[in-house]
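Trainee: Numbering (my numbering), first residue to last: 105 to 435.
Ideal Cβ placement from N, Cα and C applies to all residues, glycine included.
All values reported here derive from a predicted model rather than from experimental measurement.
Written out as structure tokens, the structure is:
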């Protein structure tokens, strides 16, 4: 999860999603609704710890891009820009992540291509430093992934994009009649990475769906609000984690009594806990990152057109207990 703070706004990356000649709707419920699939991204990754990446090109050069709904904006990694001699300029901007702050550079890009989507000429931020080599060349953030409605199907290794017309009151979870509907909520309801309210041990917390996070986790401050403290019998040290910035932050695993999202409650869930970031916790920091452990067992539609989430359980264990040796990937 990253946030960008800057003095002057960059022109946002806006990839042109090409509509496909097909549509579906629920004629009996809302005959005027047209819900059109416009693109599908095939994700790479496997195993318990994996990053959902896609193959693309930047200025015609190959690039591996992380599909990260937890990042508000799309960015390049400086190592990739240096490899292909892309000129960089400083603009006074910086990004904040779980392990600190990174100075941003600016690059002028002729084209980014991902599947059938092309950006044309655009300007992108470039991350100046990360705690360790990230394993990808750039990040496709919320300003790309949430231009349209986004269906997340990690079980199929796919992201699917839809455009809605006249579907304001239509139930959009076409794959299941039992999917939960949860409205956007929290302090950042208008933010590019929309929030929802969940409960851990009965304590309400603000969360985001974060495809860039391997595991679901909460901040130490949020855990303490729920009465969970380092040193408790149900809190186990899990090493440290890095991301944007130079610091390493301590991480733990907590067995919580309950994790509730919408009408679904998961008992005795094993949730990550990460130390508060070095820059401190602000109201812009989501308390909970809902990661791939949850998403592999669920199908999620982030319906930007309706400002709500559709979530359905697919089966299997949601929050398994992790081994201490598992390395957390950058967020």
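Excluding sequence positions up to five away, which residues of its chain have a Cβ less than 6 Å from the Cβ of residue 148?
Mentor: 157, listed in sequence order.
Trainee: Leaving aside the five residues before and after residue 188 along the sequence, list all residues of the same chain whose C-beta is less than 6 Å from its C-beta, in chain order.
Mentor: Once the five neighbours on either side are set aside, the close Cβ partners of residue 188 are 165.
Trainee: Using the Cα positions of residue 398 and residue 184, report the straight-line distance between them to the nearest angstrom.
Mentor: Residue 398 and residue 184: Cα-Cα distance of roughly 31 Å.
Trainee: Report yes if the CB atom of residue 326 is closer than 8 Å to the CB atom of residue 422, and no otherwise.
Mentor: The answer is no: Cβ separation not under 8 Å.
Trainee: Quick one: is residue 374 buried, meaning 16 or more other Cβ sit within 10 Å of its Cβ, or exposed?
Mentor: It is buried - the Cβ of residue 374 has at least 16 other Cβ atoms within 10 Å.
Trainee: List the endpoints of the continuous alpha helix (DSSP H) containing residue 247.
Mentor: It spans 246–249 - the alpha helix (DSSP H) in which residue 247 sits, taken as one unbroken run.
Trainee: Mark residue 369 as exposed unless 16 or more other C-beta atoms lie within 10 angstroms of its C-beta, in which case mark it buried.
Mentor: Counting Cβ neighbours within 10 Å, residue 369 comes out exposed, since fewer than 16 surround it.
Trainee: Can you say whether residue 318 is buried or exposed, counting buried as having 16 or more other CB atoms within 10 angstroms of its CB?
Mentor: That one is buried.
Trainee: Taking 7 Å as the line, does the beta carbon of residue 216 fall inside it for any heavy atom of the ligand NAP?
Mentor: As for the ligand NAP, it is missing from this structure, which has no ligand bound.
Trainee: Compute the beta-carbon to beta-carbon distance between residue 376 and residue 320, rounded to the nearest angstrom, for a pair I have assumed lies under 8 Å.
Mentor: That pair is a contact at about 6 Å.
Trainee: Among 176, 297, 214, whose alpha-carbon lies nearest the alpha-carbon of residue 163?
Mentor: Nearest C-alpha to residue 163: 214.
Trainee: Using a threshold of 8 Å, state whether the C-beta atoms of residue 267 and residue 404 are closer than that.
Mentor: Cβ atoms of residue 267 and residue 404: not closer than 8 Å.
Trainee: Along the alpha helix (DSSP H) that carries residue 186, what are the first and last residues, could you check?
Mentor: Per DSSP, residue 186 belongs to the alpha helix (DSSP H) from 182–187.
Trainee: DSSP state of residue 147, grouped into three classes?
Mentor: Looking at residue 147 - three-state DSSP - the assignment turns out to be coil, as it is neither helix nor strand.
Trainee: Please state whether the Cβ-Cβ distance between residue 400 and residue 286 is less than 8 Å.
Mentor: No. Outside cutoff.
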